[in-house]
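S.K.:
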Amino acid sequence: MASDQAQSSGGPSAGTIFLALVAIVGIVAGIYFYSQAQSATEQANQDILRLTQQVESLETEIAAQPEGGATAEEMADLETQIATLTEERDTAQASLETESTDLQSQIAALAEERDAALVARDEATAALEAHEESAGAAAELSDNVAAAEARLAELTEQQTQAEAALADAQAQLSAAEAGLTDLGNQRTELETAVADLEARRDALTGEVTDAEGTQSELADLQAQRDALQAEIESAQAELASVNGEIEAANAQLAAVQGEMSAAQTALDELRSQAEEVVPAAVAEPPAQEAAPADDAEEATQGEGTQQ
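Mapping of the sequence shown onto our numbering: position 67 corresponds to residue 60, and the numbering continues sequentially without gaps.
(1) Could you pull out every residue in the same chain whose Cβ sits closer than 6 angstroms to the Cβ of Asp40, ignoring the five residues on either side in sequence?
(2) Am I right that Arg82 and Gln152 are in contact with their C-beta atoms under 8 angstroms? What's the rounded C-beta distance?
(3) List, from N- to C-terminal side, the beta strand (DSSP E) runs of 3 residues or more that fit wholly inside the region 69 to 93.
(4) With C-beta atoms as the reference, is Leu44 less than 8 angstroms away from Leu176?
(5) Among Asp203, Val187, Glu92, Ala117, which has the Cα closest to the Cα of Glu133?
(6) Is the beta carbon of Leu197 sitting closer than 8 angstroms to the one on Ala267?
(7) Does the distance from the C-beta atom of Leu78 to that of Gln36 stay below 8 angstroms?
(8) Would you call Asn137 buried or exposed, if buried means 16 or more other Cβ atoms sit within 10 Å of its Cβ?
(9) With a Cβ-Cβ cutoff of 8 angstroms, do Ala162 and Gln99 count as a contact?
(10) To the nearest angstrom, how far is it from the Cα of Ala274 to the Cα of Leu263?
(11) Taking Cβ positions, are Ala141 and Ala110 nearer each other than 8 angstroms?
(12) Take the Cβ of Ala69 as the centre, count every other Cβ of all protein chains shown within 10 Å, and call the residue buried at 16 or more, exposed below.
(13) Pull up the distance between the alpha-carbon of Gln208 and that of Ala216, whole angstroms please.
(14) Helix, strand or coil: which one does DSSP assign to Glu35?
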């Protein structure tokens, strides 16, 4: 009898310790599970928000570029940023899939723990039925059964919450995949914008080449103007050396000065037209150049008359 009582009192104590350990393990597992699920959700939201902000920043940068103002280096920077966004997108998707797998594993572990609690409850119930003759042992076993049932209910609730968290994580994964699809579309738009900028750059390169040719022609016109100015100055020096026929010399000087003014005006008009890059002005420099030459010839003839 003493041995039976010792066994009866010892059995429930071991069951109580077992149930307490199971409860502690379940609580720790539940806390860890919820912290992991919350951390995964927050990290996924932060990754999606960060990628969205980076795409918006790239769109703003391309919109702010002046027409044809992008350089090859800037094009390379944009392509690098697009590649980085793609890599981060793949990383975020892989992370979300890993978190989903971990959640499923934790749910399976909770289900196993619940099954173990069911076994413990059945064992406690069997022990209670086997020791019905002992009122004290029966009461203790009844408490153990109640604790096991409470633990079973707690584990069932944790499993329900874990399944809900998994469904939420899967919904977030679907939303993230949709967001990544949008990022892919935005990347395509960015690549199209980059191609347009490169085409504008090439067009501007051709315009710069044409402008350089116009600048060369303008330099020729300026050289011709300088030569004409030298001839005019020479004519003025010769006119100043003439002592006789003052009235004729004055008339000749006035004529030369008028021709010089007309030539200067013509050259100024040519220079203005060349600076505005007007093709018609560039195509007619020989005709503009002929007038100063005729003026110089008339000045020479005037000098011969005076002599």
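Yeah, the Cβ is synthetic: ideal placement off N, Cα and C, and Gly gets one too.
Since this is a predicted model, take the numbers as computed values, not measurements.
M.R.: Reading off the structure:
(1) Locating residue 40 in the sequence shown gives position 47, where the first residue counts as 1. Here the set comprises Ala85.
(2) Locating residue 82 in the sequence shown gives position 89, where the first residue counts as 1. Locating residue 152 in the sequence shown gives position 159, where the first residue counts as 1. Taking C-beta atoms under 8 angstroms as the contact rule, Arg82 and Gln152 fail to qualify, at a distance of about 33 angstroms.
(3) none
(4) On the sequence shown, residue 44 is found 51 positions in, with the first residue counted as 1. On the sequence shown, residue 176 is found 183 positions in, with the first residue counted as 1. Their beta carbons are under 8 angstroms apart, which means Leu44 touches Leu176 by this criterion.
(5) The residue labelled residue 133 in the question sits at position 140 within the sequence shown. For Glu133, the nearest C-alpha among the options comes from Ala117.
(6) If you number the sequence shown from 1, residue 197 lands on position 204. If you number the sequence shown from 1, residue 267 lands on position 274. It is not a contact, given that the beta carbons lie outside the stated cut-off.
(7) Looking up residue 78 in the sequence shown gives position 85. Looking up residue 36 in the sequence shown gives position 43. No, Cβ-Cβ distance for Leu78 and Gln36 is not below 8 angstroms.
(8) For the purposes of this step, residue 137 is taken as the residue at position 144 of the sequence shown. Asn137 is buried by the Cβ-count criterion.
(9) Here residue 162 corresponds to residue number 169 of the sequence shown, with the count starting at 1. Here residue 99 corresponds to residue number 106 of the sequence shown, with the count starting at 1. No, they are not a contact pair.
(10) Along the sequence shown, read from residue 1 onward, the residue named residue 274 stands at position 281. Along the sequence shown, read from residue 1 onward, the residue named residue 263 stands at position 270. Note that Ala274 has pLDDT 45, beneath the 50 cutoff, so the model's placement of it is unreliable and no number is given.
(11) Walking along the sequence shown from the start, residue 141 turns up at place 148. Walking along the sequence shown from the start, residue 110 turns up at place 117. Yes; because the gap between Cβ atoms is below 8 angstroms, this pair is in contact.
(12) Counting from one through the sequence shown, the residue named residue 69 turns up at place 76. Ala69 should be labelled exposed.
(13) In the sequence shown, counting from the first residue as 1, residue 208 sits at position 215. In the sequence shown, counting from the first residue as 1, residue 216 sits at position 223. If I take the Cα positions, the gap works out to 12 angstroms.
(14) Here residue 35 refers to the residue found at position 42 of the sequence shown. Looking at Glu35 - three-state DSSP - the assignment turns out to be helix.
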